[in-house]
Each structure stands twice: as C-alpha cells, then as structure tokens.
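Q: Before anything else, here's the structure in question.
Residue numbers (my numbering): 141 to 286.
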C-alpha cells in the first residue's frame, strides 16, 4: 500500500513539475486493462499528450483495480483527461518485486523494474498504444494485451 501511495505521489509530482502553469479542462476518461483475457490488477496506465504544445503538460494516469478497471487522474482523483491524442504506456509490476523506478526527460517518461509485460508498453517512445480523448464522448478505453 505504501508503495502505491509513493508511486502515485511520484507520478503526480513529476507531471506537475513538468506541466505548464495553466490548468486545462478535463473530461471523464476510464477503461480496463486485460492481459491474456484476464484483468491486470495493479497496472500503471499513463497517457502521454502528443500535441506539440502539450508535451510538458501534466500526464493523466491511473492504477487498475482488481477487475483491471481504471479511472484517469490529471489534477484530482478521477477527474479524467484533457481532450486530445495520447500515446499510452502500461507497466504491470510483479506483485513480489520492487517498486518501479521512473525517469522523465524531454522525450517523455519511462518505467524500469520487473514488468510482467516485458517493457513492451512501458516507454512512450516505442509503445504501440494510442488513444484519443474526446469532449462529449464516453471515453471508455479497453486495452487487450498479450
């Protein structure tokens, strides 16, 4: 539990430190992560804005629950994400492994550590996951991974 709280705090602080001074409008956005058809409990989901003027904005993030479901957080818990195009990273750490380590740079962020997904979706530079958050729509995202 302490690792989860520290992880959320780290992601929020890094995002706030890199973001613009403006607070952008957000819309509700949620989804689920399945791996091999089963819920990925405890996976970290981060949406990385792709518009050039938003590269340094706060990154919406969430942690999946026991059913693999998540609700994105940007400025407050469960507030959603700003409409736009996103690359999505997902890291699913082993339950008995150490907490993930994060690094952020001009190119984006990445996580290192024991990832059950083998790092395939953990780096925004090479993730194959893309989503669009739209104003006035449900913004329910399903990630079915192998």
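Positions of the beta carbon are idealized from the N, C-alpha and C atoms, including for glycine.
Closest by CA to residue 204, which one among 197, 267, 213 and 269?
A: Out of 197, 267, 213 and 269, 213 has the C-alpha closest to the C-alpha of residue 204.
Q: Could you name the residues of the same chain whose beta carbon sits closer than 8 Å to that of residue 189, not counting the 5 residues immediately before and after it, in chain order?
A: Excluding residues within five positions, the ones whose Cβ falls inside 8 Å are 195, 197, 199, 222, 224, 225 and 226.
Q: Can you grab the Cα-Cα spacing for the pair residue 173 / residue 284, in whole Å?
A: Looking at the two C-alpha atoms, the distance is approximately 6 Å.
Q: Let me confirm a value: residue 258 is counted as buried when at least 16 other C-beta atoms fall within 10 Å, else exposed. Which label applies?
A: The residue is exposed, with fewer than 16 neighbouring Cβ atoms inside 10 Å.
Q: Ends of the beta strand (DSSP E) at residue 229?
A: Residue 229 -> beta strand (DSSP E) spans 224–231.
Q: Within the continuous beta strand (DSSP E) that includes residue 172, where are the two ends?
A: Where residue 172 is concerned, the enclosing beta strand (DSSP E) stretches over 170–175.
Q: Going by DSSP, what residues sit across from residue 203 in a beta bridge?
A: Paired residue(s): 184.
Q: Span of the beta strand (DSSP E) holding residue 285?
A: Here the beta strand (DSSP E) through residue 285 covers 280–285.
Q: So for residue 193, helix, strand or coil by DSSP?
A: Residue 193: helix per DSSP, three-state reduction.
Q: Note down, in chain order, each residue of its chain lying with its Cβ closer than 8 Å to the Cβ of residue 191, except the 5 sequence neighbours on either side.
A: Excluding sequence neighbours, residue 191 sits near 224 and 225.
Q: Identify which residue in 220, 254 and 228 has its Cα closest to the Cα of residue 234.
A: For residue 234, the nearest C-alpha among the options comes from 254.
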